[in-house]
């Protein structure tokens with residue numbers, strides 16, 4: 001299946017499932033019904049989601065379509081290095097377990113809808129809240145764009161697409177449908193679709209990991225062939241284990257990504273929409289099931305190497321592999337799973353960004369007298385604008401631009417860690433000091449990334465030795481140093497005070 | 513200010529450091545041998561830490577509020 005020949009059976013199965021979730025997206029507005037003219041109803045599903053729904057929702061939102069395309073692509077290209085995604089998505093859960101129940105409790109108690117709302121309440125400093133909000137929006141936009149890349153890859157593989165605006169038409173139609181039901185149903189739409197998406201992905205991945213090694217003669221043989229394919233590239237950075245130089249980048253990328261993951265608006269939106277603190281705590285225990293899935297998805301990269309697939313771009317490895325091994329109807333099913341896998345996170349991301357814009361930019365700085373209805377209207381509209389923006393990114397700019405921006409987005413969002421995570425643990429740092437630290441981290445992090453042509457790790461020279469470290473962590477270290485130093489200086493002032501509207505008990509408060 | 517229960521909670525939370533140590537210190541597992549079911553050590557060790565982390569989280573879940 002290549003070129004411009006259209007594959008009707010695959011396409012029909014694909015369209016059937018796409019139509020199914022479209023109907024679900026619109027019906028969702030009546031599910032666990034609430035008054036959608038209220039922002040916490042539209043944007044947080046009324047904070048009513050139980051353990052199972054939250055598990056599907058966060059799982060469907062954190063492990064995105066782009067992940068399914070990009071992780072195997074990295075493994076296909078680099079071998080062991082691509083597996084940093086596994087330690088990343090394991091150590092993220094202790095962090096989630098410690099931080100997110102506190103976030104849930106304080107947000108539930110004070111009716112905060114966004115992390116920037118929390119920062120505003122915690123520090124009574126609207127500029128720091130604005131910094132957190134804008135960082136969140138900025139980091140999310142390219143992330144939404146990348147979900148479209150996931151969708152685009154499978155649409156092209158089915159023989160649709162091609163050059164020019166006409167070629168982008170299927171993508172535009174898919175995204176338009178997504179925008180409409182997100183607009184009308186809010187967070188309920190992706191929550192409902194997440195069920196279908198995750199189950200489909202589980203089926204596809206289990207089929208792949210059962211079928212492919214069977215065809216290739218077991219996992220031992222898959223690793224043998226993949227190892228040989230990597231060794232043929234004659235590059236110590238490409239192999240079944242890490243080269244010495246890759247150890248530090250691997251570890252720091254895993255840690256930095258884990259610390260950044262639940263600072264993003266889409267993941268915190270998932271947390272805040274839970275019905276109780278206990279739902280959040282339980283999910284930290286059960287969500288790692290998706291990490292097993294991710295590890296198996298990463299294995300697809302090795303299977304691609306073992307089969308000896310050649311592709312123009314590593315991003316095509318997963319769809320090409322599926323075409324190679326699955327019957328055509330199941331190819332359609334698996335492509336639908338990936339495309340629907342793009343819809344759920346794209347929808348939640350646009351909702352998270354829209355909530356931030358409405359509460360912490362528009363309401364805080366332009367129109368403080370907004371009614372609840374006006375808030376909800378503004379967020380709905382903003383969710384449309386954010387998505388159109390992401391679509392324009394993908395259609396008019398090279399894909400590499402979005403990939404670079406998303407990488408920078410990880411560095412940027414990590415700079416909100418001190419204000420949010422330390423804030424949740426009630427560390428006494430003055431908001432002005434935190435703002436200064438944030439600015440230092442953003443500035444230096446971006447500069448480092450640009451100076452080496454937008455790559456994730458920067459070679460730091462300490463005492464003659466070079467250490468390649470994830471830029472996000474270097475910037476975060478600087479951010480913390482500046483915050484603590486500036487806080488020390490501010491303390492010298494007589495009027496030093498942190499206006500905190502929250503109490504220690506708010507962070508441990510149970511339901512209602 | 514911290515009550516005895518809070519101190520007990522803090523104690524159990526230290527368990528959550530284990531996945532960080534086990535997975536971020538690469539010399540522990542950056543090797544091919546021993547293989548398990550065809551998987552080099554580097555891979556099955558990482559997979560193994562998923563259920564271990566779940567169990568640790570469950571223990572801390574039971575011991576804290």
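Chains as they are written, first to last, in the working numbering: chain A, 1 to 512; chain B, 513 to 577. Just so it is clear, CB atoms sit at the ideal spot from N, CA and C, and this is done for glycine as well.
Selection from the options that minimises the alpha carbon distance to residue i
i: residue 539 (chain B); options: A:459, A:251, A:61, A:192; result: A:251
i: residue 173 (chain A); options: A:439, A:213, A:19; result: A:19
i: residue 226 (chain A); options: A:415, A:119, A:492, A:76; result: A:76
i: residue 193 (chain A); options: A:342, A:100, A:217; result: A:342
i: residue 113 (chain A); options: A:356, A:286, A:234; result: A:356
i: residue 382 (chain A); options: A:179, A:445, A:407; result: A:179
i: residue 207 (chain A); options: A:467, A:418, A:239, A:331; result: A:331
i: residue 258 (chain A); options: A:380, A:472, A:480, A:498; result: A:472
i: residue 531 (chain B); options: B:543, B:573, B:569; result: B:569
i: residue 491 (chain A); options: A:111, A:431, A:221; result: A:431
i: residue 149 (chain A); options: A:358, A:220, A:392, A:17; result: A:392
i: residue 155 (chain A); options: A:11, A:363, A:499, A:462; result: A:11
i: residue 541 (chain B); options: A:196, A:462, A:242; result: A:242
i: residue 51 (chain A); options: A:287, A:255, A:66, A:167; result: A:287
i: residue 6 (chain A); options: A:158, A:463, A:13; result: A:158
i: residue 291 (chain A); options: A:64, A:26, A:45, A:22; result: A:64
i: residue 572 (chain B); options: A:96, A:66, A:488, A:81; result: A:96
i: residue 131 (chain A); options: A:364, A:507, A:502; result: A:364
i: residue 427 (chain A); options: A:386, A:477, A:483, A:414; result: A:483
i: residue 191 (chain A); options: A:25, A:510, A:435, A:488; result: A:25
i: residue 579 (chain B); options: A:224, A:266, A:67; result: Residue 579 (chain B) lies beyond the residue range present for chain B, which begins at 513 and ends at 577; the question has no answer from this structure.
i: residue 478 (chain A); options: A:466, A:416, A:111; result: A:416
i: residue 289 (chain A); options: B:574, B:566, B:575; result: B:566
i: residue 451 (chain A); options: A:123, A:110, A:408; result: A:408
i: residue 354 (chain A); options: A:324, A:322, A:326, A:388; result: A:388
i: residue 181 (chain A); options: A:322, A:237, A:22; result: A:22
i: residue 468 (chain A); options: A:449, A:485, A:486; result: A:449
i: residue 261 (chain A); options: A:410, A:244, A:147; result: A:410
Nearest-angstrom beta carbon gap, residue j and residue i [assumed within contact, 8 Å]
i: residue 334 (chain A); j: residue 204 (chain A); result: 4 Å
i: residue 79 (chain A); j: residue 239 (chain A); result: 5 Å
i: residue 300 (chain A); j: residue 84 (chain A); result: Rounded, the Cβ-Cβ distance is 16 Å, inconsistent with contact.
i: residue 86 (chain A); j: residue 558 (chain B); result: 5 Å
i: residue 200 (chain A); j: residue 337 (chain A); result: 4 Å
i: residue 153 (chain A); j: residue 69 (chain A); result: 6 Å
i: residue 437 (chain A); j: residue 384 (chain A); result: The pair is not a contact, with the Cβ atoms about 34 Å apart (cut-off 8 Å).
i: residue 48 (chain A); j: residue 275 (chain A); result: 5 Å
i: residue 136 (chain A); j: residue 413 (chain A); result: 7 Å
i: residue 73 (chain A); j: residue 366 (chain A); result: With 8 Å as the limit, residue 73 (chain A) and residue 366 (chain A) do not qualify as a contact, their Cβ atoms being about 42 Å apart.
Segments assigned alpha helix (DSSP H), at least 4 residues, entirely inside the region 172 to 259 of chain A: Segments of the alpha helix (DSSP H) lying fully in the region 172 to 259 of chain A: 188 to 216, 218 to 231.
Could you list the residues in the region 28 to 62 of chain A with a C-beta less than 8 Å from some C-beta on chain B, going in chain order? none
Note down, in chain order, all residues in the region 79 to 95 of chain A with a beta-carbon under 7 Å from any beta-carbon belonging to chain B. 80, 83, 86, 87, 90, 91, 93, 94
Meets three-Cβ-pair contact criterion under 8 Å: the region 31 to 43 of chain A and the region 178 to 189 of chain A: yes
Are the region 22 to 36 of chain A and the region 294 to 311 of chain A touching by the rule of at least three beta carbon pairs closer than 8 Å? no
Meets three-Cβ-pair contact criterion under 8 Å: the region 423 to 430 of chain A and the region 108 to 124 of chain A: A contact exists between the region 423 to 430 of chain A and the region 108 to 124 of chain A.
What residues in the region 216 to 246 of chain A have a beta carbon less than 8 Å from any beta carbon of chain B? 218, 219, 220, 221, 222, 223, 240, 241, 242
Residues in the region 252 to 268 of chain A with C-beta within 7 Å of chain B's C-beta atoms, listed in sequence order? 254, 255
Check whether the region 363 to 380 of chain A touches the region 143 to 163 of chain A, taking contact to mean three or more Cβ pairs, one atom from each stretch, closer than 8 Å. no
Determine which residues of the region 273 to 296 of chain A have a Cβ less than 7 Å from any Cβ of chain B, and write them out in chain order. 281, 284, 285, 288, 291, 292, 295
Members of the region 528 to 539 of chain B that neighbour chain A once the beta carbon cut-off is set at 7 Å: 528, 531, 532, 535, 536, 538
How do the region 19 to 31 of chain A and the region 305 to 319 of chain A stand: do at least 3 beta-carbon pairs fall below 8 Å, yes or no? Inter-segment contact for the region 19 to 31 of chain A and the region 305 to 319 of chain A is absent: fewer than three beta-carbon pairs are separated by less than 8 Å.
When the Cβ atoms of the region 558 to 566 of chain B are set against those of the region 86 to 97 of chain A, are three or more pairs found closer than 8 Å? yes
Is the region 121 to 129 of chain A touching the region 139 to 146 of chain A, taking contact as three or more C-beta pairs under 8 Å? Contact between the region 121 to 129 of chain A and the region 139 to 146 of chain A is absent, with fewer than three C-beta pairs closer than 8 Å.
Length-filtered (4 minimum) alpha helix (DSSP H) runs lying within the region 303 to 379 of chain A: 317 to 325, 328 to 356
Inter-stretch contact (C-beta, 8 Å, three-pair minimum) for the region 97 to 105 of chain A and the region 344 to 352 of chain A: no
Entirely within the region 529 to 560 of chain B and at least 4 residues each: give me those alpha helix (DSSP H) ranges in chain order. 530 to 536
Check whether the region 543 to 552 of chain B touches the region 213 to 229 of chain A, taking contact to mean three or more Cβ pairs, one atom from each stretch, closer than 8 Å. yes
Kindly provide the ranges of any alpha helix (DSSP H) runs that are 4 or more residues long and lie completely inside the region 66 to 120 of chain A, ordered along the chain. 85 to 110
Three CB pairs or more closer than 8 Å across the region 454 to 473 of chain A and the region 232 to 250 of chain A: yes
Any 3 or more C-beta pairs closer than 8 Å across the region 253 to 270 of chain A and the region 49 to 65 of chain A: yes
Would you call the region 432 to 452 of chain A and the region 388 to 397 of chain A in contact, with 3 or more CB pairs under 8 Å? no
Near-chain B residues of the region 97 to 128 of chain A - C-beta to any C-beta below 8 Å: 97, 98
Cβ pair count under 8 Å reaching 3, the region 283 to 297 of chain A against the region 45 to 58 of chain A: yes
4-residue-minimum alpha helix (DSSP H) runs that sit fully inside the region 413 to 488 of chain A, ordered along the chain: 431 to 451
With 7 Å as the C-beta to C-beta threshold (strictly closer), list the residues of the region 191 to 217 of chain A near chain B in chain order. none
What are the start and end residues of each continuous beta strand (DSSP E) run of 3 or more residues lying completely inside the region 383 to 412 of chain A, in chain order? The qualifying runs do not exist here; there are none.
Give me the subset of the region 550 to 561 of chain B whose CB atoms are less than 9 Å from a CB atom of chain A, sorted by chain position. Near chain A, meaning a CB-to-CB distance below 9 Å, the residues of the region 550 to 561 of chain B are 550, 551, 552, 553, 554, 555, 558, 559, 561.
Anything in the region 407 to 419 of chain A with a Cβ closer than 8 Å to a Cβ of chain B? List those residues in chain order, please. none
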